[in-house]
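Below is one structure, written out as structure tokens, with a few remarks after it.
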Amino acid sequence: MSNTVFCRKYQQELTALPFPPLPGKQGQEIQATVSKQAWEEWQALQTRLINEKHLNMLEPEARAYLMDQMQRFLDNEATDQAEGYVPPTQA
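Shown next as structure tokens:
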């Protein structure tokens, strides 16, 4: 039986993350309040944002920007989108 968590993004019980995705208190909070599905969707958006906006992850501003976008995404607020991204069609 897999663990579940009440996901703050989807407002329902869903499969939990198997371990904290970030170090420290923030990672523990995410594991306790974010589902595996929501985290995987955030990772896909994060990758598109890094690639499309040519973010240099060595720059503190780029990391702060992504952390802000992550909080917005997980709280169901408006986030930036990768310009020109066309989602794959469902077959």
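Residue numbers for the sequence shown follow this note's numbering, so the first one is -9 and each next one is one higher.
For each residue, glycine too, the CB sits at the ideal point set by N, CA and C.
With distances taken Cα to Cα, identify the nearest neighbour of residue i among the options.
i	options	result
ALA28	PRO11, LEU56 and LEU64	LEU64
THR23	ASN(-7), ALA52 and LEU56	ASN(-7)
LYS(-1)	GLU31, PRO13, GLY14 and MET47	GLU31
Which residues mark the beginning and the end of the alpha helix (DSSP H) in which residue i is found?
i	result
GLN71	Looking at the DSSP string, GLN71 is not in any alpha helix (DSSP H), and its letter there is neither H nor E.
PHE63	50 to 64
Would you mind stating whether residue i and residue j have Cβ atoms separated by less than 8 Å?
i	j	result
PRO17	PRO8	Contrary to the premise, residue 17 reads as Gly rather than Pro in this sequence. No, they are not a contact pair.
What is the residue span of the beta strand (DSSP E) that residue i lies within?
i	result
THR5	2 to 5
THR79	Counting along the chain, THR79 falls outside any beta strand (DSSP E), and DSSP gives it neither H nor E.
VAL(-5)	-6 to -3
Who are the near neighbours of residue i in its chain, counting only those whose CB is closer than 6 Å to its CB and skipping five residues on each side?
i	result
THR69	GLN59, ARG62 and PHE63
LYS26	THR5 and LEU7
I'd like the list of long-range same chain contacts for residue i, defined as Cβ closer than 8 Å, with 5 residues on each side in sequence excluded.
i	result
GLU3	THR(-6), VAL(-5), PHE(-4) and CYS(-3)
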